[in-house]
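Q: Below is the structure I would like to discuss, written out as structure tokens.
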Amino acid sequence: MSTSFEHDIALIFAGDGCHTDLVSVLIEISFDSTSVTSKPFADVSNLFSLQYEQEVLLASGHIFRVDSCKLLTNNIWCMKLTLCDDRNPIVTSSSDYFDVAILQLLEILPKVSPKTHKVNDRLLQWWRFYAEDDSTELVKINEFCESYRSDAAIRWYTKDSLLYRLLNTALRTENIDMIIDFRYFIIDLYEQLTKSHVDYVINCKEQNLTVYRGQKLCRSELIKLKHSIGNYISITSFWSASLSSEVALRYAELSEDDKKQCLQSVLFQIDIDITKLANSCKNHIFANIASLSCFIDEKEVLFMANTQLRIHSVIKHTETLWVVRLVLLNQDDENTDEIRIMNRYLKYLTNMVTQSCRENIWSFFKNDYKNDHIPALQ
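Anchor point for the sequence shown: position 286 equals 283 in my numbering, and the numbering is continuous, going up by one each time.
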């Protein structure tokens, strides 16, 4: 992140606040030069020709405390942040898996996108590009074009096609261009899953629910999970689980190629306390989608991207299977410093967007990227 010692230079980049389609924001960051931080920052003004900008460059991954966010009289927002020292409890308790950036985008998209049954042409371009000459996939694309409706989003997500793979790849890799191109489908999934979640929780007879997800992970990912026990993670893609551990274990079975790559079978056990789910369900949207899915027998439970969980334990169950126990975020967790500060930051950011440019920010999206080139997925 580029910053400057010069207040006036930063104001130039923020703009004058007169453009109706953009929000002008001045971010003031306070930090102690003696702070202990594993993420570097430095005065780089002597390395560039524009030395008058007095640029200070911060590496990605820094954690900030939001101190205030106010609308100034000249139509410019001023957000004051403080760089957190590595010894700060918020930093020591945070996890590499907790991705606030993707939460911001998923929080804002439904608020600035119009209601429509339209499918963005760019989504179809991505899909056709990666389908190439696969005739079976092209048939699915044509069917999607002809019959897709918003209330069929979950059904289309569960179909065995490139659609859900492309969507989750975009979310995992934080491909912002691609996420925005998929925005209508994401919003349809969000709204249908939210409705199903409310219905499911109201009618759920159990007070405690356990669902399972089978997955293959490399050892380095397992080590990261073990080091993050007690911390929170944010699922950056849509997550499929099952009410049946047997169904989940099928997805964790290792092939000979998997074994050569030293992959490990992992069974995620996700514990949900239905009685402690907060009134606001945005951090834990999930539902039993068996009746909406193309695979009824899998007893599928789908979690919305940005679902937040706490890592309870990571145990080697057998020589060939690890069990990772996760706990869905609940009201007790939302009172912790990490979650409270994150929610405060998201609230500030979302309010800035929705209050200042609810109608006009749409111009940011509606041109749909005039560059027709579809880059390769990472």
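Note that CB positions come from ideal geometry on N, CA and C, so glycine has one too.
1) Would you identify the three-state DSSP class for D40, choosing helix, strand or coil?
2) Let me confirm a value: K313 is counted as buried when at least 16 other C-beta atoms fall within 10 Å, else exposed. Which label applies?
3) Is any beta-carbon of chain B found at less than 8 Å from that of K67?
4) Is Q189 closer than 8 Å to D157 when the C-beta atoms are compared?
5) Where does S290 land, buried or exposed, given buried means 16+ other C-beta within 10 angstroms?
6) Between Q261, S239, K257 and V208, which lies nearest to L325 when the distance is taken from Cα to Cα?
7) Tell me the rounded alpha-carbon separation between K273 and L78.
8) Beta-carbon within less than 6 Å of S262's beta-carbon, same chain only, minus the 5 sequence neighbours each way: which residues are those?
9) Name the one or two DSSP bridge partners that C291 has.
10) Could you tell me how far apart the beta carbons of Q51 and F126 are, in whole angstroms, since I believe they sit closer than 8 Å?
11) Could you check if L222 is buried or exposed, using at least 16 other CB atoms within 10 Å of its CB as the buried criterion?
12) Look at the alpha carbon of I138 and the alpha carbon of I308, and state the distance between them as a whole number of angstroms.
13) So F300 is in the beta strand (DSSP E); what residue range does that whole segment cover?
14) If you draw a straight line from the C-alpha of R180 to the C-alpha of F292, how long is it?
15) Can A128 and L121 be called in contact, C-beta distance under 8 Å?
16) How big is the Cα-Cα spacing for S225 and R322?
17) Can you list, in chain order, the residues of its chain with a C-beta nearer than 7 Å to that of D185? Leave out the 5 residues immediately preceding and following it.
18) Going by the DSSP bridge assignment, what does Y229 pair with across the sheet?
19) Determine the direct distance from the alpha carbon of N72 to that of F28, and round the result to whole angstroms.
20) DSSP beta-bridge partners for L68?
21) Ignore the nearest five residues each way along the sequence and tell me which others in Y377's own chain have a CB closer than 6 Å to its CB.
22) Quick check: what's the CA-CA separation for R62 versus N165?
23) Give the secondary structure of I26 by DSSP, where H, G and I count as helix, E and B as strand, and everything else as coil.
24) Starting from the C-beta of Y161, find all residues in its chain whose C-beta is less than 6 Å away, skip the five residues before and the five after it, and write them out in chain order.
25) Can you name, in chain order, every residue of its own chain whose Cβ lies under 6 Å from the Cβ of E242, other than the five neighbours on each side?
26) Considering only residues of the same chain and omitting the five flanking positions on each side of S288, which have a CB-CB separation below 6 Å?
27) Three-state secondary structure (DSSP) at D13?
A: Let me lay it out:
1) strand
2) exposed
3) No chain B is present in this structure, which holds just one protein chain.
4) no
5) buried
6) V208
7) 32 Å
8) A249, L251, T317 and L318
9) None, per the DSSP bridge assignment.
10) Contact flag wrong, Cβ pair sits at about 43 Å.
11) It is buried - the Cβ of L222 has at least 16 other Cβ atoms within 10 Å.
12) 38 Å
13) E297 to F300
14) Each residue's alpha carbon lies about 25 Å from the other.
15) No; because the gap between Cβ atoms is not below 8 Å, this pair is not in contact.
16) 12 Å
17) S147 and A150
18) R307
19) 26 Å
20) Paired residue(s): W74.
21) With the chain covering only -2 through 375, there is no way to say anything about residue 377.
22) 30 Å
23) strand
24) Closer than 6 Å at Cβ, skipping near neighbours: Y154.
25) It is Ser, not Glu, that sits at residue 242 in the sequence shown. Answer for S242: Y209, listed in chain order.
26) none
27) Here D13 sits in coil by DSSP.
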